[in-house]
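So the structure is just underneath, and the comments pick up after that.
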Amino acid sequence: HSTMARWVKEADRVVMIDGCFLICLGRILKNFIDEERIIHIDVLPLHQKFGDVFLYTDVPEAERKEVAQQVAGKVLAELK
C-alpha cells in the first residue's frame, strides 16, 4: 500500500541493484512483478569485495563510500 510499491508495480521496467549474496530483494521483487520487467544488476562481481560481509557496519564508512562510487559508475554504464 506504499507509494514506492505502487511505483514499482506501475513501472514499465524496474532496475534492481542487488549487493547481497542472499539475493533477498530479487526474490521478493520476482514475486511482486513479472521477471521480464526487472533489470537485475548484481554488484558483487562489479566490486569483488564484501561477499562474505553481512553487516554494513563491518566495513569502514570511507571504504563503503569509495566502493559505492565505483559501483555507481559501473551501473550507470550498464544502463546506457
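Okay, so the sequence shown: first residue is 314 according to the numbering used here, each after it adds one. From the three backbone atoms N, C-alpha and C, an ideal C-beta is built for every residue, glycine too. Since the model is a prediction, treat every value here as computed from it, not as a measurement.
Exercise for review: Following the continuous beta strand (DSSP E) through H353, name the residue where it begins and the one where it ends.
Suggested key: The residue given as residue 353 occupies position 40 in the sequence shown. That run of the beta strand (DSSP E) goes I351 to D355.
**Study point:** Whole-number beta carbon distance between R326 and R350, since they are thought to touch under 8 angstroms
**Key:** As a working note, residue 350 is residue 37 in the sequence shown. As a working note, residue 326 is residue 13 in the sequence shown. Right, the Cβ-Cβ distance comes to about 6 angstroms (below 8 angstroms), so this counts as a contact.
Review point. Sorry if obvious, but does the Cβ on I346 come closer than 6 angstroms to a heavy atom of the ligand SAH?
Key: Absence of the ligand SAH is noted for the structure shown, with no ligands found whatsoever.
Review point. Buried or exposed: V356, going by 16 or more other Cβ atoms within 10 Å of its Cβ?
Key: For this step, residue 356 is matched to residue 43 along the sequence shown. Classification for V356: buried.
Review point. With V328 and L392 assumed to form a contact (beta carbons below 8 angstroms), what rounded beta-carbon distance in angstroms separates them?
Key: Indexing the sequence shown from 1 puts residue 328 at position 15. Indexing the sequence shown from 1 puts residue 392 at position 79. Indeed, because the Cβ distance is near 7 angstroms, the residues count as touching under 8 angstroms.
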